[in-house]
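These notes concern the structure reproduced below.
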Amino acid sequence: MQETAQQYTARIIGNLQGQDPMRVLKGMPRRIANAISGLSAARLRKRPAPGVWSIAEIVAHLAETEIVLAWRYRSIVEKNGVPLQPFEQDLWAENSRYRQSDTKAMLELYRIVRAANIRFLSGLSAAQWKMFGLHQERGKETIAHIVRLEAGHDINHFKQIQRILRG
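Quick note: the sequence shown uses the numbering used here, first residue 124, plus one each step.
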């Protein structure tokens, strides 16, 4: 049975276990870079099981998700209550050929866009953190909520990378 939007949100935010989401966001690109440093392209692209993403696919997904979130954060601040369109991550992975991507380049893209998002978020007022978008699947999401969700999402995929590395 597929997770509901509420189950997904609870599971992903549950990954935080009391950690400061901004601290997680700031540190995750470096943690991932350290974890995969020195791995061959073949190792990065090797799927642990059929239908399960490789490390290369996970890193590309994180990079493109960061671009989506850059747009969402800025759109919300521009217009409170803006609609937030979901995206089908498996189609993005297929259409963008995540498995064949240059993991080093995707990791750098993730790092750069994340740094820009951290700068943007760090400059928001308390009122702006409460601004929201209307996600088509999950409903009303404030910037503060999206940041928690993003940090939990990072942790979720970092754990996935760690499981792959333990093999």
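Backbone N, C-alpha and C define an ideal beta-carbon position, used for all residues, glycine too.
Where residue i falls: helix, strand or coil (DSSP)
{"i": "glycine 204", "result": "coil"}
{"i": "lysine 263", "result": "strand"}
{"i": "leucine 148", "result": "helix"}
{"i": "arginine 154", "result": "helix"}
{"i": "tryptophan 194", "result": "helix"}
{"i": "aspartate 143", "result": "coil"}
Buried or exposed by the 16-neighbour rule on C-beta atoms within 10 Å, applied to residue i
{"i": "valine 175", "result": "exposed"}
{"i": "serine 245", "result": "exposed"}
{"i": "isoleucine 235", "result": "exposed"}
{"i": "leucine 148", "result": "buried"}
{"i": "aspartate 277", "result": "buried"}
Residue span of the alpha helix (DSSP H) that contains residue i, given as start and end
{"i": "leucine 272", "result": "266-289"}
{"i": "methionine 244", "result": "Before going further, note that residue 244 is leucine rather than methionine in the sequence given. Looking at the DSSP string, the run of the alpha helix (DSSP H) that includes leucine 244 is 226-245."}
{"i": "histidine 167", "result": "The displayed chain sequence assigns leucine, not histidine, to residue 167. That run of the alpha helix (DSSP H) goes 164-168."}
{"i": "arginine 134", "result": "128-137"}
Residue i versus the options, residue with shortest Cα-Cα distance
{"i": "alanine 267", "options": "Leu247, Phe281, Asn279", "result": "Leu247"}
Per DSSP, cross-strand counterpart(s) of residue i
{"i": "phenylalanine 255", "result": "Thr265"}
Any non-hydrogen atom of the ligand NAD closer than 6 Å to residue i Cβ
{"i": "serine 160", "result": "Among the ligands in the structure shown, none appear at all, so the ligand NAD cannot be discussed."}
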